[in-house]
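Right, one structure below, let's go through it.
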Amino acid sequence: MSELAKAYEPQSVEDKWYAWWLEQGCFHADPASPKPGYSIVIPPPNVTGVLTLGHVLNNTIQDILARRARMTGHEVLWLPGTDHAGIATQNVVEKMLRKEGVMKHRDDLGREELLRRIWDWKEKYGGIIITQLKKLGCSCDWERERFTMDEGYARKVQEVFVDLYNKGLIYRGKRMVNWCPVSLTALSDEEVIPTPQKSYLYHFKVEVMEEPGTFLEIATTRPETIMGDTAVAVNPKDPRYAHLIGKHVRRPLPVEDQASLPIIGDEAVDFEFGTGVLKVTPAHDKADYEIGQRHNLPVIDIMNPDATLNGLAGADFVGLDRFEARKEAVEKLRQMELLVEEKPYENNVGFSERAGVPIESRLSEQWFLKYPKTTEARDAVRKGLIKFFPERWEKVYDHWLENIQDWCISRQLWWGHRIPVWYGREDGLSSSFNGALGATRPTACQIESPGEGWVQDPDVLDTWFSSWLWAHDTMDDATRKKFYPTSALVTGPDIIFFWVARMIMAGLEYTGEVPFRDVYYTGIIRDKGGKKMSKSLGNSPDPLDIIAKYGADGLRFGLMRIAPQGQDIKFDEQQIVEGRNFCNKFWNSCRFRLMQGEVDPNADPTKHALSIFAQDLLAKLDATITRIDAAYAEYRFSEVAQALYDFVWGDFCDRFIEAAKSDFTNPARREGTLAAMDYVLNRVLLLLHPYAPFITEELWHGLGFGEGSIQYAPWPAAGGAAPEPKADTIFRAVTAARTLRATFNLPSNKRLRWVFQPSAEWVKDEQAALHVLLHAETMEFVEARPEGAMASCPTEIGVFFLPLEGVVDPETEGTRLAGEIGKVRAEIEKVQRKLGSDTFVQNAPAEVVAEHRQRQADWENRLEALKSARDALG
RNA sequence: GCGCGGUUAGCUCAGUGGUAGAGCACUGCCUUGACACGGCAGGGGUCACAGGUUCGAACCCUGUAUCGCGCACCA
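Quick note: the first sequence, position 5, residue 16 per our numbering, numbers continuous.
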C-alpha cells in the first residue's frame, strides 16, 4: 500500500485480518513448542449469552495478555469455551417451547425429548457469543474450544463426583435448602441474593390457654406460614415471658384446625426484636427448623414446590400463592380481632439469582459436598502461590473460606450433568423433588448403570460443579503438561466464591497444583448514573453496535483507558469516541510518514546525525516502554493505554512531527528524522498491538514492516537513548510565544514576522523548527534587542519579539506585561517563603532545597526579562 | 453489626510526601503541506469535612459525613 485513506476505516480491515489470522493458525497453541508456555482459560460465558460490555472488558484484557505474551516469546494458549449454564439455559428453552405452544410443562415432553430440544437450541444459537468474541479480535485457540457438556469433559465431572463420594466428601442429606419456586430446584447459598424489601411487620395476639385473658403478642413478616407453626418461642431469660414456658397457646389458623402450640424457651430468640415472641415454623424457616430440632417439634410443610399452599394449610388457603395467602391470613386475623398492628418494615429477603423471585427455605433431600482442600486453598493465596490483583480481594476470599459451608450440589433440572448415583429400587422416584428417597435403598455411585433394575438419580449437578474443573479438564494430557498451571485468570469479583475459590480447591485436589498464578479482577461496568448494566434495565448498549460505529480497536482502546485496576467503570460512549479518535490520529501520523517516502523497516537512528527532537523522541519512547512494562507487571491496563496515548498523541504527533516538518527538505536532517520516525513507528505498532490488534496489523503491513503477523514480532525493549532536555525547552518557549500572539487576538491564519534573540548558541540551529512551529511569516534571529516598539516574551532559550506596528496595541501589551509581572512576583514570593523557613532548609533533602533555589532563580530571571520588556515599551 | 472501596475542574477519571493533572465540555482563533475523529491558546479546583504526624500532606494516621459493594443478621 502506498497511500492510506484519509481516515481510518475499521470496517474494511477488521474482518480481513481476523480471517487471515485464522487461516495462518496464528492462535493455535503448540504443546511441543520449545518456547515457554503462557496460558489463560476463558471464563466460559453462558451458552445462552450475548456479548455485553462486561464480556468486552474481560475478554479484551485476556486478549491483551495473550497477544503481549506471544510478543514476549511465549507459546500462548488462550482456551475458549462456553458453559451449559443449567438453570439459565433450561429456562430459556422451556420458555421458548411454551411460547411456541410445544408444551405447557416439561413433563409434557419428557426428559429425553426436552434434552434433545435444548441440544438443538444449543447447536443453533449457542455459538453467538463466540462469533461476537471474534468480532472483538479475541485470539483464542478455537481448535480447542470446549463446552462444559462435551463428552470427555462431562465424564470428568462425573468421575470427580464418584471420587469425592468415595472419599466421603459427598453425601446425601435432608436439610433446609434454598428453594426456587419458579425454577423448582434447590440452590446454593451463593445463588441467593439478599435484597431489601419494603414489607410489613404484622403483630397478632394469641391467648395463653392456661391463663384465659393473658395474651402473647407475636411479630412476623410471614403470616401466611402461621398454619405451619408448631410452637411459640420466647427467650428463657426474658422476664416478661419466662414464666409462660411450658404453657400453650391456640394457633389461630387454619380456622378449622386451631391446634394448641407449646410455648417453648430457646436462647435463639432475641428479646429485643419485635415483641420478643417468635412463632416457630420449622418447615419454612432455617432458624425455626433448628429450633424445631432442639425441641422435637413436628414439621408441617404447608407449601407445594411452586410455593402455592397445600391442603395442610386448610381449606381457606389451599391453592393460593404464598403472597395471596399472606393477604388472606392477615384478613382472617383481622376478622378474628387478633391483628394488633401492621407497620411498614424493611427487611432483606433472599431472591433467586436466576428467576428473580424470593426463595423459600424448604426441607428437602439433596446432595452436599464437604469441600476438599480448604486449608490448602487458603494457604495458596495467603502464602502468595496465587496472587490477586487488586490484592484486597484476598481478604474476601480468605473470609469466605474461613466460614465455608457445605455446598448443595444437586439441582432438580434436566439440563446438566446427571448425578452418577443409582438406586436399586424404582419406587419413590416419580418426582425429582420430594425428599422421599429411601435412605435404606441400595445405592451405587458410579458412572455406568450397575445393571437391570437400577435407576439413576434424576437430578443434575450445579453448573459450577462442572466449571470448577475448567482450568485443567479442558486440556488433554500434552496440553496440560505444557500449559498447566495456567498463567493468569481474568474474571469479575462477583464470582470469587462461585468459581475462583472452587477452582483453586479442585486444582489442588486433582492436580496437586494451583490452577493459576495470578488472578486479575476486573471492575463492574456501570452506566453513567452508576447503575449496574443489565438487559432488564435496558441501559446496556450492544457492543456490536459500538464496534460498527467505532471499530473494535476503538472500543478496546477506549474501554481499557478508563478501566482502572479494580474500580468499577462508569461507561460513557464518549470514551469510545476517544478510542476511535486515537486510532485515527495514529493512522494519520503513519499516513503522514508515508507521504515523506518509503519506510525503512530496519531503520537504525543511531547511524544518523539526529536533531534534538529526534533524540528527545527516542528517549521518550524508552521512557514509555519502561512505563508500559512496569504497568503490565501490575496489571495496570489503563496506565498502559494512557502511556500509549500520551506518547503517540503528545510526544509523537503534537511535538515531534510538528517540529520535524522543516526537516524533510533539509539534507542535514532528513535521513535522521526519517530513521527516527520509522524506528519509533515500528515500536509503537508493537506496543499498541495488544490493545488495537486490527489497526496495528493493517499498518504493520501498510508501512512494510514485515510479511508475517505483527503478533509474533518481538516486544520492544527500551534502547537506552540519552534524554535530550533541549527539545522540551524549545516546546515551552514556543508555547510562550504562541500565548503571546493569542493575547492580541490575532487570527491563527495570520502569519507574523517574528524576531528572536537567542540566549544560547545551540538554539541557532533550530531556526527552521521555530519557524514552522510558530507558523511564522519570517523568523529573524538577532544578536541584540531590536529597536522600536515591540511586544516581547522572554523564555529559557531567548526572547521573542513581535513588532507592534499594525499588529499589536501597545496599551494591551503593557497591561499584559503588568499581569505577567504580577503572576511571577507571586510565584517568587511563594518560593521565597519556603526558602525563608529555616526548618525547611535544614530538614528537607538537599536536592529539594536546590530545586527550590533553582526555581527561585528562574522566576527572578523571568521577572527581570519582563521588566525590561515593560521598560522598552516606553 | 463487621469488612472493603469511592469522594480531586461542569462531567468521566489519573495522580502513594516536594510548583494540582488528562480527556470531554466551555471560551477565542484557525479548513497552517497527516488528521475538523484535527490544530493553537485560554478560563475553571480552599483535592468531602475535622483533627494529627511532618520542614512540607490530595497522598501517611485518627475520626466524621456521604455514596457504593460484600459478609452476617433479618420474627
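Virtual Cβ for every residue (Gly too), placed ideally from N, Cα, C.
As the structure is a prediction and not an experimental result, all values here were calculated from the model.
Cutoff 7 Å; reference Pro595; Cβ partners in own chain excluding five residues on either side: In the sequence under discussion, the amino acid at residue 595 is Asn, which differs from the Pro named in the question. Ala18, Tyr19, listed in sequence order.
Compute the Euclidean distance between the alpha carbons of Gly224 and Glu218, then round it to the nearest angstrom. 7 Å
Can you tell me whether Thr850 is helix, strand or coil according to DSSP? helix
Quick check on DSSP: helix, strand or coil for Ser441? At Ser441 the pLDDT is 42, less than 50, meaning the model places this residue with poor confidence and gives no usable figure here.
Between the segment 482-496 and the segment 40-52, do three or more beta carbon pairs fall short of 8 Å? yes
Cβ neighbour criterion (16 or more within 10 Å) applied to Tyr723: exposed
Closer than 7 Å by C-beta to Trp481: which residues in its own chain qualify, once you throw out the five before and the five after it? Chain order, please. Val52, Pro55, Met514
How about the segment 80-89 and the segment 510-527: do they share at least three Cβ pairs that are nearer than 8 Å? no
Quick check on Gln416: does DSSP put it in helix, strand or coil? coil
Between Asp240 and Thr292, which are expected to be in contact by the criterion C-beta below 8 Å, what is the C-beta distance as a whole number of angstroms? 5 Å
Is the segment 313-326 in contact with the segment 394-402, if contact means three or more CB pairs nearer than 8 Å? no
Cα-Cα separation, Met606 to Ile573: 34 Å
Measuring straight from C-alpha to C-alpha, what distance separates Gln867 and Leu874? 10 Å
Close-in-space but distant-in-sequence residues of the same chain around Ala16 (CB under 7 Å, 5 per side omitted): none
Tell me whether the beta-carbon of Asp529 lies closer than 9 Å to the beta-carbon of Ala559. no
Per-residue burial, His254 [other beta carbons within 10 Å of its own, 16 or more giving buried]: exposed
Limits of the alpha helix (DSSP H) - the one that Arg166 falls within: 162-177
Cβ of Ile580 within 9 Å of Cβ of Arg537? yes
If you pair each beta-carbon of the segment 326-346 with each one of the segment 171-189, do three or more pairs fall below 8 Å? no
Which residue comes first and which comes last in the alpha helix (DSSP H) that contains His259? Counting along the chain, His259 falls outside any alpha helix (DSSP H), though it belongs to the beta strand (DSSP E) covering 259-261.
DSSP three-state assignment for Tyr690, whether helix, strand or coil: helix
Once DSSP output is grouped into helix, strand and coil, what is the label at Gly276? strand
For Val243, I'd like the list of residues in its chain whose CB is within less than 8 Å of its CB, leaving aside the five on either flank, ordered along the chain. Val217, Leu227, Ile229, Val260, Leu272, Pro273, Ile274, Ile275, Val288, Leu289, Lys290, Val291
Would you list the one or two residues that DSSP bridges to Tyr211? Pro355
By Cβ distance, which residues of its chain are closer than 7 Å to Leu195, with the 5 residues on each side in sequence left out? Pro316, Asp317, Gln423, Phe444
Nearest-angstrom Cα distance between Gly36 and Pro769? 59 Å
Excluding the five sequence neighbours on either side, which residues of its own chain have a C-beta within less than 6 Å of the C-beta of Lys737, listed in chain order? Ile623
Whole runs of the beta strand (DSSP E) within the segment 494-537, excluding any shorter than 3 residues: 497-502, 527-532
If you draw a straight line from the C-alpha of Asn307 to the C-alpha of Asp299, how long is it? 12 Å
Cutoff 6 Å; reference Lys381; Cβ partners in own chain excluding five residues on either side: Leu180, Asp417
Take His95 as the anchor and find which of Phe158, Glu524, Leu696 has the nearest alpha-carbon. Phe158
Which of helix, strand or coil does DSSP assign to Trp773? helix
Supposed close pair Trp28, Glu708 - CB separation, criterion 8 Å: 5 Å
Given the structure, does Leu815 come close to the ligand ADP, in the sense that its CB is under 8 Å from one of the ligand's heavy atoms? Among the components of this structure there are no ligands whatsoever, and the ligand ADP is therefore not found.
Do Leu621 and Gly683 have their CB atoms nearer than 9 Å? yes
Please report the Cβ distance between Val766 and Pro797, rounded to the nearest whole angstrom; I am assuming they are in contact, meaning their Cβ atoms lie under 8 Å. 5 Å
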